[in-house]
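Notes to accompany the following structure.
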Amino acid sequence: MGRKGRFDCSQARSLRNSMTYAEKTLWSKIRSKLLGVKFRRQHPFGFYVLDFYCVPLKLAIEVDGDSHFTDEGRKHDSARDEFLYLNDVKLLRFTNLEVIQHIDSVLEQIWDEVNHLLQS
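Under the UniProt record's numbering, the sequence shown has 43 at position 43, and the numbering climbs by one with no breaks.
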């Protein structure tokens, strides 16, 4: 961890260079404001790095791989979810399988949330 409980930006940079296939797939669909808003990938936020984050909307997207389904992974996700909630960040979670096999449905859910937040 970096200073003052923040995640080290160099670690986030390293994660950007080792994205999973599912993360790369989703990134190819949401980058360059394809949904009308800008997302950042592997964005440091407090003690955590968010897979994707839209700063103006405070919308985070997590793509969950196998490590998220272990006891340790569930504990980590629960703590992250609570931290995001306390910081008024809306979180959408998808599994690797959902992103790979049902990308259109995933994009529709993201688009619906983006529209909802833009109208709020």
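For every residue, glycine included, the Cβ atom is placed at its ideal position computed from N, Cα and C.
Just so we're clear, the structure is a prediction, and the values are computed from it rather than from any experiment.
| query | result |
| --- | --- |
| Between residue 89 and residue 99, is the Cβ-Cβ spacing less than 8 angstroms? | no |
| Pick out whichever of 57, 101, 63 has its Cα sitting closest to the Cα of residue 125. | Absent from the structure is residue 125, since the part of the chain shown begins at 1 and ends at 120. |
| Go ahead and pull the three-state DSSP assignment for residue 93. | strand |
| Can you list, in chain order, the residues of its chain whose CB lies under 7 angstroms from that of residue 58, leaving out five sequence neighbours each side? | 88, 89, 90 |
| In the DSSP assignment, what are the bridge partners of residue 53? | 40, 60 |
| On the DSSP letters alone, give me the boundaries of the alpha helix (DSSP H) that residue 81 sits inside. | 71-86 |
| Sort 53, 28, 84 by Cα distance to residue 39 and report the nearest one. | 53 |
| So, for residue 93: in the same chain, excluding its five sequence neighbours on each side, which residues have a beta-carbon less than 7 angstroms away from its beta-carbon? | 62, 64 |
| Buried or exposed for residue 79, please, with buried defined as at least 16 other CB atoms from any protein chain shown within 10 angstroms of its CB. | exposed |
| What number of angstroms, rounded off, separates the C-alpha of residue 136 from the C-alpha of residue 117? | Lying before the first or after the last residue shown, residue 136 is absent from the chain, which here runs from 1 to 120. |
| Roughly how many whole angstroms lie between the Cα atoms of residue 35 and residue 102? | 17 angstroms |
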